[in-house]
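Structure, as structure tokens:
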Amino acid sequence: MTDPERFKDALLAELQSLRAFAISITGNVERADDLVQDTVVKAWTNMNGYTEGTNIRAWLFTILRNTFYSDFRKRSREVEDDGAHASRLAVHAPQHGHMDLEDFRRALAQLPDDQREALILVGASGFSYEEAAEICGCALGTIKSRINRARARLGEMLSVTSGADFGPDADSFAAVAGAGAGVKTD
Amino acid sequence: MDQHKPATVVDALAARQEAGRNESAQAPAGDDVVQQAIGSQLRAVYDEVVRLPVPDRFLSLLSSLDGRQTAPAAGKEQES
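Note that the protein sequences, when read in sequence, are chains A and B. Counting along the first sequence from 1, when you hit position 115 you're at 114 in numbering that gives the first Met the number 0, and nothing is skipped either side. Counting along the second sequence from 1, when you hit position 12 you're at 11 in numbering that gives the first Met the number 0, and nothing is skipped either side.
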């Protein structure tokens with residue numbers, strides 16, 4: 000039996016992480032917040048499904064991700080096409096992001112969704128490969144290969160970038176790239 | 000190769016290129032440097048997002064969950 004007060008404290012402590020993960024998979028702060036809200040309510044309702052002593056962040060991320068892929072994505076697809084998804088973590092860059100991370104942000108935004116997700120779970124959120132596999136509902140080998148491909152692809156993209164001459168135009172290029180690679184805008 | 004840690008992946012790649020030029024052979028160690036730079040930039044980019052302040056709506060949501068084990072059916076638009 001899960002103690003509701005302790006559970007609530009744990010939820011509170013994980014809000015920032017949940018929100019960051021939600022932003023990274025929805026690419027949109029408003030939708031991310033709706034997703035986090037649904038996740039919190041679901042988690043609360045199912046708190047007895049959580050085994051105390053296990054990694055609550057992994058448990059919450061699993062709920063969030065399942066919520067996104069089961070009902071959330073369908074809903075948001077009806078509202079707009081995938082164009083808005085392309086910016087991802089680039090969403091926040093212009094206001095207060097560091098410019099020296101701009102190239103990286105742009106490259107990250109261009110990774111396939113599954114590769115970016117795996118990379119973020121293991122490389123940025125501190126999950127083990129095993130936990131990431133569980134969160135994504137796939138095999139360990141799949142996670143490993145997604146991460147390897149993501150790293151290789153980032154290396155390629157950024158080496159192309161470093162070859163190009165980024166002068167004063169870097170900003171405007173970032174703005175264009177933020178709209179997505181090869182996405183038709185209308 | 001010099002000791003300073005490249006700040007970005009781009010720097011790391013540039014350093015690798017430089018090393019390649021000097022040694023005329025490929026520098027396999029350069030790949031590690033690039034991967035390290037990718038790792039640290041990934042964390043830096045993601046941490047910026049993690050550190051965003053959590054909107055008040057979540058704090059009120061959590062306190063509204065107090066003592067209730069059943070989900071409030073539609074608690075979405077309850078901005079006060």
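From the three backbone atoms N, C-alpha and C, an ideal C-beta is built for every residue, glycine too.
Check                                                                                           : Outcome
Length of the line joining the Cα atoms of Arg105/A and Gln40/B                                 : 12 Å
Contact list for Ala43/B against chain A, beta-carbon separation under 7 Å                      : Leu100
First and last residue of the uninterrupted alpha helix (DSSP H) at Pro3/A                      : 3-25
C-beta neighbour in chain A for Gln35/B, strict 8 Å                                             : no
Local Cβ density within 10 Å of Arg5/A, reported as buried at 16 or more and exposed below that : exposed
Chain B residues whose Cβ lies nearer than 7 Å to that of Ala19/A                               : Tyr45, Val48, Val49
Contacting positions in the stretch 19-45 of chain A - beta carbon closer than 8 Å to chain B   : Ala19, Ile22, Ser23, Asp32, Asp33, Val35, Gln36, Val39, Val40, Lys41, Trp43, Thr44
C-beta neighbour in chain B for Gly154/A, strict 8 Å                                            : yes
Proximal residues of chain B, C-beta to C-beta of Ile119/A below 9 Å                            : Leu41, Tyr45
Under 8 Å between C-beta atoms of Val44/B and Leu107/A                                          : yes
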